[in-house]
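Asker: At position 2 of the sequence shown (counting the first as 1) the number is 2 in my numbering, and the numbers step up by one without a gap.
Don't be surprised by glycine CBs; every beta carbon is placed ideally from N, CA and C.
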Amino acid sequence: MREAIDELMKGLDAPHLKGPETFNYRDYSTKHLLTEYQGWEPPPHEVVNAWFEHFKSNFPDYSSDLKLGQLLGLKGSSGNADRRMRAFRLGERTVPYGVWRRFLVMTGRVSQEIIPVLVIVEDIES
1 MREAIDELMK GLDAPHLKGP ETFNYRDYST KHLLTEYQGW EPPPHEVVNA WFEHFKSNFP
61 DYSSDLKLGQ LLGLKGSSGN ADRRMRAFRL GERTVPYGVW RRFLVMTGRV SQEIIPVLVI
121 VEDIES
């Protein structure tokens with residue numbers, strides 16, 4: 001648990017970056033910022049494309065669809081993650097909640113969801 005707390009604390013010192021200047025994402029619904037429980041709706045592909053391209057252009061380590069897809073948890077090194085990311089950006093496939101949510105958390109657009117620990121169950125050796 002201490003590692004999780006350390007990661008959250010590091011997030012407070014993350015650098016700040018302005019949003020895309022060539023795309024007015026404020027013209028679109030913000031329901032993609034909600035949790036599933038709150039009524040999440042998938043973002044339009046124009047929003048997905050603008051944010052993904054903006055991120056890729058500002059982070060050279062993740063400057064391709066493949067690299068960003070892998071960062072977001074998509075599997076595959078022979079183009080699968082690459083093709084899926086491109087399909088999300090072009091509107092050929094809807095970006096899944098988990099992939100989009102991870103991106104939003106990583107970019108500080110939404111808060112990290114913290115699940116409360118109710119009990120610590122210890123393993124019993126037999």
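(1) List the endpoints of the continuous alpha helix (DSSP H) containing Met9.
(2) If the criterion is Cβ atoms closer than 8 Å, does the pair Val48 and Val110 meet it?
(3) Measuring straight from C-alpha to C-alpha, what distance separates Leu34 and Glu125?
(4) Name the two residues that bound the continuous alpha helix (DSSP H) containing Glu46.
(5) Would DSSP call Tyr157 helix, strand or coil?
(6) For Asp123, name the three-state secondary structure that DSSP assigns.
(7) Looking at Arg89: is its Cβ nearer than 8 Å to the Cβ of His45?
(8) How would you label Arg2, buried or exposed, when you count the other beta carbons within 10 angstroms and need 16 or more for buried?
Answerer: In short, the structure shows the following:
(1) Arg2 to Gly11
(2) no
(3) 42 Å
(4) His45 to Asn58
(5) What is shown of the chain runs 1 to 126, which leaves residue 157 out entirely.
(6) coil
(7) yes
(8) exposed
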